[in-house]
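Here is the structure:
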């Protein structure tokens, strides 16, 4: 990465180049918006209790120092670790905020209505809740109300999964990022498409990460190899009517398709799907939903 290729290099760069690091953050529009979103949505009140925000510093720094867009997007799961310290700092900072308000020319009785009004406005503008604008404007498939409406399609998908994929938890699956199903939670190894489809991939042997493995580490002072040899997926699951993803990289999905401005991504994803269909057997296909099975002993 831009900070270095090892922990030592990264730490040394942060210590010796603080100006460059700060410049990278303040000149990046998305990172500035990220900070404004997470603190501004609470009226910047959490900043009045910086001590409580200490646990949030590592998460915040990692997000701001990363050049991966998802890491500094306010609406991704990478922000989840900030919620607890932000809410606690907000709660503890309210008395100080009230005192500061009382010192201004603003009427004292307007503090609570202004605070609640500001929180509500931010909630409507940026949250995915049923009272937000995002819930009703089809700019994001993930948050639009139509996702929650019952239909026959989820039943079709569940039925196909239970019928065509064996219940053996050792089976290796590669599936589209946005395709989630409770039925698939029983499998120990799940890759995100196209991992283990376009090339072999190793996976972590989590069965060794238990008290026995810990005791062996203490006894022998040596970590056992907990990564498998590279493997192919046994089954591939795709849903072409849900947002397309290449691992964690997705397109802006509106109206059931990627925006026309993302032709490069669309072409790459379509090419991966075509190659998968060539190298794996399609055992089920219906309304854009596909289940493909590995051709045993065949070089992809």
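Residue numbers (my numbering): 1 to 300.
Ideal placement from N, C-alpha and C gives every residue a C-beta, glycine not left out.
Asked: Is the beta carbon of residue 48 less than 8 angstroms from the beta carbon of residue 93?; Found: yes
Asked: For residue 189, which residues in the same chain have their Cβ closer than 6 angstroms to its Cβ, ignoring the five residues on either side in sequence?; Found: 172 and 203
Asked: Going by beta-carbon coordinates alone, are residue 292 and residue 242 separated by less than 8 angstroms?; Found: no
Asked: Just tell me which of 226, 250, 144 and 182 has its CA closest to the CA of residue 128.; Found: 144
Asked: Suppose only complete runs of 4+ residues qualify. What are the alpha helix (DSSP H) ranges in the segment 145-226, listed by chain order?; Found: 152-164 and 211-220
Asked: For the beta strand (DSSP E) containing residue 276, list its first residue and its last residue.; Found: Unbroken run through residue 276 is the alpha helix (DSSP H), 263-279; no beta strand (DSSP E).
Asked: Closer than 7 angstroms: is that where the CB of residue 294 sits relative to any heavy atom of the ligand FAD?; Found: No copy of the ligand FAD occurs in the structure displayed, which carries no ligand at all.
Asked: State the Cα-Cα distance for the pair residue 297 and residue 279, rounded to the nearest angstrom.; Found: Any answer about residue 297 is weak, because its pLDDT of 47 lies below 50 and its placement is not dependable; what the coordinates show is given next. The alpha-carbon atoms of residue 297 and residue 279 are separated by roughly 11 angstroms.
Asked: What is the rounded straight-line gap between the Cα of residue 157 and the Cα of residue 60?; Found: 38 angstroms
Asked: Provide the residue span of the alpha helix (DSSP H) that contains residue 32, from first to last.; Found: 29-40
Asked: Measure the C-alpha to C-alpha separation of residue 123 and residue 109 and round it to an integer number of angstroms.; Found: 23 angstroms
Asked: When the Cα atoms are used, what is the spatial distance from residue 71 to residue 233?; Found: 28 angstroms
Asked: Might you give, ordered along the chain, the residues of its own chain that have their beta carbon closer than 7 angstroms to the beta carbon of residue 300, omitting 5 neighbours on each side?; Found: Caution is warranted here: a pLDDT of 48 is assigned to residue 300, below 50, making its placement in the model unreliable, and no coordinate value can be reported.
Asked: Specify the secondary structure class of residue 239 as computed by DSSP and reduced to three states.; Found: strand
Asked: Just verifying my parser: in three-state terms, what is the DSSP assignment at residue 246?; Found: strand
Asked: Considering only the beta carbon of each residue, do residue 137 and residue 82 sit closer than 8 angstroms?; Found: no
Asked: Using three-state DSSP, classify residue 251 as helix, strand or coil.; Found: coil
Asked: Pick out whichever of 244, 284 and 285 has its Cα sitting closest to the Cα of residue 266.; Found: 244
Asked: Would residue 251 be called buried (16 or more neighbouring beta carbons within 10 Å of its own) or exposed?; Found: buried
Asked: Residue range of the beta strand (DSSP E) that residue 291 falls in?; Found: 289-294
Asked: For residue 96, which residues does DSSP report across the bridge?; Found: Paired residue(s): none; residue 96 is not in a bridge.
Asked: If contacts are defined as beta-carbon pairs under 8 angstroms, then residue 198 and residue 275 qualify, I think. What distance do you get, rounded to the angstrom?; Found: 7 angstroms
Asked: If you check the beta carbons only, do residue 46 and residue 86 fall under 8 angstroms apart?; Found: yes
Asked: So, are the CB atoms of residue 25 and residue 33 less than 8 angstroms apart?; Found: no
Asked: Tell me, please, which residues DSSP counts as bridged to residue 258.; Found: 253
Asked: Identify every residue that forms a DSSP beta bridge with residue 112.; Found: Partner(s): none; residue 112 has no beta bridge.
Asked: Taking residue 125 and residue 90 to be in contact with their CB atoms under 8 angstroms, please state how far apart those CB atoms are, rounded to whole angstroms.; Found: Rounded, the Cβ-Cβ distance is 18 angstroms, inconsistent with contact.
Asked: By alpha-carbon positions, which one of 254, 216 and 239 ends up nearest to residue 285?; Found: 239
Asked: Go through its chain and collect everything with a Cβ distance to residue 194's Cβ below 8 angstroms, but skip five positions before and after it.; Found: 174, 246, 247, 272 and 276
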